[in-house]
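Some notes on the structure that comes next.
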Amino acid sequence: MPIGSTLEGSLLSMLLTVVTVPPQAWRWQLLLRARGVTESLGWLTRAYFVSYAVGQVLPTSVGGDASRIYETSRRHPGYGSPIAGSVLLERALGGAITLALAAIGFLLAIGRYPIRAYLWVEALFVVLTAIAGIVLFSRRARRPLAFGVPLLRRLRIDRPIRAAYEGIHGYRHHLPTLLVVALLTAGQQATRCVAIWASAEAVGIHLSIRVFIVLGPLLFLVMLVPFTVNGLAVREAFFVDFLGRLDVGADPAFATGFLFSVMTLVLAAPGLAVVLWESIRRAPVSVTDG
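Just remember that this note's numbering sits 3 ahead of the position in the sequence shown, which is counted from 1.
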């Protein structure tokens, strides 16, 4: 059903984008709690917004993830490994759920949309996800992985990599938590697909929401790879290519990608405000003699 105006479409896209943050924070809270780290939902939501702000100046979500690990580890000394594991596992599960949604999208696209060129993208991620799952959760994989330890020691990165590995590996004993987290992730990504549809409606592209159920997971897969700072230009190029296959002009397709990227700035705004406020509060106050 078409949306009435550019303003309505933009506001709907903004709302659908922002409302996904608290469930994401809850998802993270469940993962932390499973490993013995207790933190409030409010602070985790704040950390998520700050990570979006940090992500504006570093490649895709890499900087944001590092920000969450750093801040949370400072609040919980001695829990660096499970904290890093929670963030990295959250990212890995997001990729796996994206693959599942992309598969559903491809089934919906059969006979309707010419997107065979993207099949290789999903195939590559399927292989990489399967390998990552075996490496991170299989006990049998620990022995062959040990052969790489000497090299990691020479590079002086063995300790952080071991900590991250042990942090993720420990979740193999928390399958119910992983199931709940996977369901929350699926809901969050489905909501983001509707937000993309609203962005398209805002610029005058009136296509079935089915198109964006196909487009969204593919976009999320592409954005997992840190090609550029905050995915700049990659996102817009993807929209132009994908929607161009459906006879949408380059200008409105680019505008859709640009508007959706603006929504990431909306997510970053609260985090930036938090950083500035906390910086002001921590700033030393000079006292002059009267």
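Even for Gly, the Cβ is constructed at its ideal location relative to N, Cα and C. Everything numeric in this text was worked out from a predicted model, so none of it was measured.
query: Element boundaries [alpha helix (DSSP H), containing P80]; result: Careful: P80 lies outside any alpha helix (DSSP H) and carries neither H nor E.
query: Stretch pair the stretch 11-18 + the stretch 192-212: three plus CB contacts closer than 8 Å; result: yes
query: Coarse secondary structure for D250, derived from DSSP in three states; result: coil
query: CA nearest to the CA of R115, picked from L249, L224, G58; result: L249
query: Cα-Cα separation between G97 and Q59, rounded to whole angstroms; result: 20 Å
query: As assigned by DSSP and simplified to three states, the class of T41; result: coil
query: Beta-carbon proximity check, S89 vs L34, cutoff 8 Å; result: yes
query: Sequence-distant residues of the same chain with beta carbon closer than 6 Å to L187, five excluded per side; result: P26, R30
query: CA-to-CA distance, T20 to S54, given in whole angstroms; result: 15 Å
query: Length of the line joining the Cα atoms of V217 and L102; result: 11 Å
query: Spatial neighbours of P273 in its chain, beta-carbon cut-off 7 Å, leaving aside the 5 residues before and after; result: F52
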